[in-house]
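To start, the structure under review is shown below, and the notes come after it.
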């Protein structure tokens, strides 16, 4: 069997009120998100986009550790990340939602720096590509 054809499944249950949501993973972890009071939320949990960026960093850390182990390299002691992101919020503020806004509310740019052993190992900046379609579909990425 080709090792690249194996799939890992995930299941979440979530619900919320207003801008606040609570998600429970299939292994019992609870994740909450909210928006600031200035955006209609209660400001009691990280914003969804902050969780998204944190999840990307987590994937990068886990992947680096996995690849290093598979290549029989010394264990990675520590990687530090610094992430900057920009989002044009106009799309989320331009009702009605059935009409495409002039600019989609999504990440416009993401910039990351990685440190290992005190030196910048990698730095990348990505301008997010424009896509078309329903405004809600493209609102996160």
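Numbering (my numbering), first residue to last: 42 to 182. Beta carbons are placed, not taken as given, at the ideal position from N, Cα and C, and that holds for glycine.
What residues in its chain sit with their C-beta under 6 Å from that of residue i, if we drop five residues either side in the sequence?
| i | result |
| --- | --- |
| residue 77 | 84 |
| residue 62 | 55 and 74 |
| residue 127 | 149 and 150 |
| residue 64 | 53, 55 and 72 |
From residue i to residue j, what does the alpha carbon distance come to, in whole angstroms?
| i | j | result |
| --- | --- | --- |
| residue 98 | residue 122 | 7 Å |
| residue 53 | residue 88 | 18 Å |
| residue 47 | residue 107 | 16 Å |
| residue 91 | residue 109 | 27 Å |
| residue 93 | residue 112 | 28 Å |
| residue 49 | residue 72 | 20 Å |
| residue 184 | residue 124 | No answer is possible for residue 184: the residues shown for the chain start at 42 and end at 182. |
| residue 140 | residue 120 | 43 Å |
| residue 86 | residue 57 | 13 Å |
| residue 95 | residue 101 | 10 Å |
| residue 60 | residue 82 | 5 Å |
Under 8 Å Cβ to Cβ from residue i, same chain only, skipping five residues before and after it: list those, please.
| i | result |
| --- | --- |
| residue 115 | 109 |
| residue 105 | 117 and 120 |
According to DSSP, is residue i part of a helix, a strand, or is it coil?
| i | result |
| --- | --- |
| residue 117 | coil |
Worksheet item: Taking only runs of the beta strand (DSSP E) that begin and end inside the segment 51-108, which ones reach a length of at least 3 residues, in chain order?
Response: 53-58, 61-66 and 71-74
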